[in-house]
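Participant:
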Amino acid sequence: MRLHQANTAFDCNNLLGEGCNWNALDNTLWWTDIEAKSVFRWDDHRKVAAVRQLPDRAAFVFPRLRGGFVLGFPKLVVISDPTFTNFTRVAEIEPHLSQTRVNDAVIDPYGGVVVGTYNQESRDPVGGVYRIAPSGEVVTLFSGVAAANGLEFSPDGEIMYFTDTAEGTIRRFAVALHLSGITEIEPLAGPNIVPGSPDGATVDNEGGYWSARLRGGCVVRIDGDGHVTDRVDMPAMAPTCLALGGQDLKTLFITSRRVRQSSDELLRFPESGNLFRVEVDHAGRPPFGCRI
1 MRLHQANTAF
11 DCNNLLGEGC
21 NWNALDNTLW
31 WTDIEAKSVF
41 RWDDHRKVAA
51 VRQLPDRAAF
61 VFPRLRGGFV
71 LGFPKLVVIS
81 DPTFTNFTRV
91 AEIEPHLSQT
101 RVNDAVIDPY
111 GGVVVGTYNQ
121 ESRDPVGGVY
131 RIAPSGEVVT
141 LFSGVAAANG
151 LEFSPDGEIM
161 YFTDTAEGTI
171 RRFAVALHLS
181 GITEIEPLAG
191 PNIVPGSPDG
201 ATVDNEGGYW
211 SARLRGGCVV
221 RIDGDGHVTD
231 RVDMPAMAPT
241 CLALGGQDLK
251 TLFITSRRVR
261 QSSDELLRFP
271 ESGNLFRVEV
281 DHAGRPPFGC
291 RI
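Numbering (UniProt numbering), first residue to last: 1 to 292.
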């Protein structure tokens, strides 16, 4: 197993950093702080950040190929202008469930967005996973979800990954052409493959699945056979989301959180909530473009 050590890239002290993704259009990293109602942009070349306030909590922010952004507010997926001041509704998610909010999401190979929900009140699996097509059409992929995370696609777009953090198995689905359907296949890994619970994820160009291990203080890479090939140790116990970016797509960026961490833990890990980075041996797959 290859061992790595992540270090702070940006001292942002996020309450709940999430939804990080590498934008190939301008070679920058985007993510949100859900609880602070803010969106962040990191220019890795100049080592500078920009922050914008939002009218509500946002779990993800994806740059659009046509300009502007797609954001996931608690009950709405919206299109934003480039300044995050004007918002247009695309889809309403689970309006009948007061206890859930939009959580993890990923751009799919056809330019849509797959998004899952999170039960804020309990671990009851009342939520689901949905696909929003570029046209705005919403299709339910499956239900029975408590804390949707780990959504990603293989480099060829033929496999979709998903994990429910409350349960811990990293599941796999065979994807039909144009995402007309999905079929569950054998899981990639069980809940106890490494310490912590699986949270956000990214996939490299060789098909390796990188999993942030919430409360485990690490990130691991799992190959297609379910073997752990790499481990990244963190100066924080709660990594949340991942993206491979940088000039050669070999920089692993990692967001983290400060909420729901004990005071003792924050004293031991004062960098909790920061954006971290580490150079790895596997390049990320080229990002899919959002066509919504």
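Every residue, glycine too, gets a C-beta built ideally from N, C-alpha and C.
Sort Ser135, His227, Thr85 and Ala166 by Cα distance to Val126 and report the nearest one.
Facilitator: That would be Ala166, whose Cα lies nearest to the Cα of Val126.
Participant: What residue does the beta strand (DSSP E) around Asp233 start on, and which one ends it?
Facilitator: First-last of the beta strand (DSSP E) with Asp233: Val228 to Asp233.
Participant: Going along the chain, which residues of its own chain have a beta-carbon closer than 6 Å to the beta-carbon of Ile159, five neighbours each way excluded?
Facilitator: Excluding sequence neighbours, Ile159 sits near Arg172.
Participant: Looking at the structure shown, is Asp264 part of a helix, part of a strand, or coil, going by DSSP?
Facilitator: DSSP places Asp264 in helix when its eight states are reduced to three.
Participant: Rounded to whole angstroms, what is the Cα-Cα separation between Ala6 and Asn103?
Facilitator: For Ala6 and Asn103, the distance between alpha carbons rounds to 25 Å.
Participant: For Asp43, which residues of its own chain have a beta-carbon under 7 Å away from its beta-carbon, when the five flanking residues on both sides are left out?
Facilitator: Once the five neighbours on either side are set aside, the close Cβ partners of Asp43 are Thr28.
Participant: Candidates Gly284, Pro239 and Leu249: which alpha carbon is nearest Arg257's?
Facilitator: Nearest of Gly284, Pro239 and Leu249 to Arg257, Cα basis: Pro239.
Participant: Among Leu54, Asp223, Leu242 and Cys12, which residue has its Cα nearest to the Cα of Pro82?
Facilitator: Of Leu54, Asp223, Leu242 and Cys12, the residue nearest in Cα terms is Leu54.
Participant: Nearest-angstrom Cα distance between Val115 and Gly144?
Facilitator: Between Val115 and Gly144, the C-alpha separation is close to 14 Å.
Participant: Measure the CB-CB distance between Leu249 and Ala201 and report whether it falls below 8 Å.
Facilitator: No, these two residues do not count as a Cβ contact at 8 Å.
Participant: Should Trp30 and Asn23 be called a contact, given that it needs their Cβ atoms to be closer than 8 Å?
Facilitator: In this structure, Asn23 lies closer than 8 Å to Trp30 by Cβ.
Participant: Distance check for Asp26 and Val48, CA to CA, integer angstroms please.
Facilitator: When rounded, the distance between both Cα atoms is 14 Å.
Participant: For a test of the three-state rule: what should DSSP assign to Leu29, helix, strand or coil?
Facilitator: Strand, per DSSP.
Participant: Report the rounded CA-to-CA distance for Lys75 versus Glu92, giving the unit in angstroms.
Facilitator: About 6 Å.
Participant: Note down the Cα distance separating Pro235 from Gly217, rounded to an integer number of angstroms.
Facilitator: If I take the Cα positions, the gap works out to 7 Å.
Participant: I need the DSSP call for Leu71, collapsed to helix, strand or coil.
Facilitator: Leu71: strand per DSSP, three-state reduction.
Participant: Using the beta-carbon count (16 or more within 10 Å), is Val113 buried or exposed?
Facilitator: Buried, since its Cβ has 16 or more Cβ neighbours within 10 Å.
Participant: Check His178 in the structure and name its three-state DSSP category.
Facilitator: Here His178 sits in helix by DSSP.
Participant: Going by DSSP, what residues sit across from Val39 in a beta bridge?
Facilitator: The partner list for Val39 (beta bridge, DSSP) reads Thr32 and Arg52.
Participant: Which residues bound the beta strand (DSSP E) around Pro195?
Facilitator: Neither: Pro195 is in no beta strand (DSSP E) and is coded neither H nor E.
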